[in-house]
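Oh and the sequence shown: position 186 is 186 in full-length UniProt numbering, straight run, nothing missing.
C-beta: ideal position from N, C-alpha, C; glycine also.
Notes follow the structure.
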Amino acid sequence: MESRDTSSLQNGTSTAVESLLSQLRLTQQRSQPKSTIPNAHPLQANKKVHGVDPAVNMVSRAISAPKTNDSMRLGNLLSTLPKLSIPTPLNPLKTFALFPKLPIDIRIRIWRIFALQPRRVKLFLLPPTETGHLSRLIDGQSKTPAIMHVSKEARAEGLRYYTLCKEDVWPSDLFKTYLGPNQLYINFDIDHFAHDVSDVEFVGNNNELH
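Dropping the structure here:
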């Protein structure tokens with residue numbers, strides 16, 4: 001039903017355009033002066049010059065010309081043409097499975113948008129006497145940006161902006177012995193650092209962290 005409605009709208013638009021062009025050809029034919037040169041052949045209304053229909057040229061000239069009676073009449077005729085509308089799909093796509101088929105330069109631009117999303121990096125000071133539960137995880141914070149886990153292509157683009165930083169200071173030997181150095185990817189151009197010297201709780205709202 002939807003395809004028939006679209007076809008009817010297109011047919012109606014085509015018929016209206018043909019009617020408009022026919023009127024313009026008749027106007028051009030009537031207003032064309034007769035030549036007094038022997039054997040001269042006047043330009044016929046339906047003859048194309050250099051592959052362009054004279055009526056089409058007349059439309060373009062009328063649109064760009066100053067407002068006159070003819071141009072106003074043409075504008076009124078054009079305003080009567082039905083508007084072509086493309087119906088919205090009833091079930092819009094929730095996934096895009098054609099991403100791998102996009103040109104490489106477009107895919108790289110999309111990965112770049114994801115790589116340039118700022119993150120908030122939480123910093124805190126842990127007293128030497130505090131060992132906690134000996135975990136390198138920070139509540140509400142991911143050490144590795146999501147782009148690093150998507151694909152080899154996405155990771156290569158992400159590494160152009162992120163620097164892998166390794167922790168070289170530990171509050172106690174227990175952290176160094178059992179956990180080793182902590183690692184975190186940081187984009188120093190756009191990432192934000194939330195820091196405090198509080199030894200009670202971490203800084204920042206977990207809901208705002210990525």
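Measure from the alpha carbon of LEU77 to the alpha carbon of each residue in PHE96, ASN91, ARG109 and SER19, then state which is nearest. The residue labelled residue 77 in the question sits at position 77 within the sequence shown. In terms of CA proximity to LEU77, SER19 leads the group PHE96, ASN91, ARG109 and SER19.
Sort out for me which residues DSSP pairs ILE147 with in a bridge. To locate residue 147, count along the sequence shown from 1; it is residue 147. Bridge partners of ILE147: none, in fact.
Just the Cα atoms here: how many angstroms apart are ARG109 and GLN23? On the sequence shown, position 109 is the one that residue 109 refers to. On the sequence shown, position 23 is the one that residue 23 refers to. So the two alpha carbons sit approximately 50 Å from each other.
Counting C-beta neighbours from all protein chains within 10 Å, is the total for residue 219 16 or more, i.e. buried, or is it exposed? Since the displayed the chain opens at 1 and closes at 210, residue 219 lies outside it and no answer follows.
Given a threshold of 16 other Cβ atoms within 10 Å of its Cβ, counted over all protein chains shown, does ILE147 qualify as buried or as exposed? Taking the sequence shown and counting its residues from 1, one reaches residue 147 at position 147. So ILE147 counts as buried.
DSSP three-state assignment for HIS50, whether helix, strand or coil: Reading the sequence shown from its first residue, position 50 is the one you call residue 50. Here HIS50 scores only 49 on pLDDT, less than 50, and its place in the model should not be relied on; the value that follows carries that caveat. DSSP places HIS50 in coil when its eight states are reduced to three.
Looking at the unbroken beta strand (DSSP E) that takes in residue 295, where does it start and where does it end? With the chain covering only 1 through 210, there is no way to say anything about residue 295.
Hey, PHE193 and LEU123: beta-carbon distance below 8 Å or not? Within the sequence shown, numbered from 1, the residue matching residue 193 stands at position 193. Within the sequence shown, numbered from 1, the residue matching residue 123 stands at position 123. Yes, Cβ-Cβ distance for PHE193 and LEU123 is below 8 Å.
Roughly how many angstroms lie between the CA atoms of ARG120 and PHE96, to the nearest whole one? Translated into the one-based positions of the sequence shown, residue 120 becomes position 120. Translated into the one-based positions of the sequence shown, residue 96 becomes position 96. Those two C-alpha atoms are separated by around 29 Å.
For ARG120, list the residues DSSP reports as bridge partners. By one-based count along the sequence shown, residue 120 stands at place 120. ARG120 pairs with HIS192.
CA-CA distance, LYS101 and THR144? Taking the first residue of the sequence shown as position 1, residue 101 is located at position 101. Taking the first residue of the sequence shown as position 1, residue 144 is located at position 144. The alpha-carbon atoms of LYS101 and THR144 are separated by roughly 27 Å.
Which value, in whole angstroms, describes the spacing of the CA atoms of SER71 and LYS83? Taking the sequence shown and counting its residues from 1, the one referred to as residue 71 is at position 71. Taking the sequence shown and counting its residues from 1, the one referred to as residue 83 is at position 83. Taking the Cα positions, SER71 is about 20 Å away from LYS83.
Here's the rule: buried if 16 or more other CB atoms are within 10 angstroms of the residue's CB, otherwise exposed. What is residue 211? A question about residue 211 goes unanswered here, because the residues of the chain that appear run from 1 up to 210.
Near ARG4, what residues of its chain come up, given a Cβ to Cβ distance below 8 Å and the 5 sequence neighbours on each side ignored? The sequence position of residue 4 within the sequence shown is 4, counting from 1. Caution applies to ARG4, whose pLDDT of 49 falls short of 50 and renders its modelled position unreliable; the value that the coordinates give is listed next. For ARG4, where only same-chain residues beyond five positions count, there are no Cβ hits under 8 Å.
Determine whether the beta carbon atoms of TYR161 and ASN182 lie at a separation below 8 Å. Position 161 of the sequence shown, counted from the first residue, corresponds to residue 161. Position 182 of the sequence shown, counted from the first residue, corresponds to residue 182. Not a contact, by the Cβ cut-off of 8 Å.
For ASP191 and PRO118, I'd like the C-alpha separation in whole angstroms. What you label residue 191 is simply residue 191 of the sequence shown in a count that begins at 1. What you label residue 118 is simply residue 118 of the sequence shown in a count that begins at 1. Near 5 Å, if we compare the C-alpha coordinates of PRO118 and ASP191.
Is the distance from the Cβ of PHE99 to the Cβ of ARG107 below 8 Å? On the sequence shown, position 99 is the one that residue 99 refers to. On the sequence shown, position 107 is the one that residue 107 refers to. In contact: PHE99 and ARG107 (Cβ atoms closer than 8 Å).
Separation of PHE114 from SER142, as counted between CA atoms: By one-based count along the sequence shown, residue 142 stands at place 142. By one-based count along the sequence shown, residue 114 stands at place 114. Put simply, the backbone Cα of SER142 is about 15 Å away from that of PHE114.
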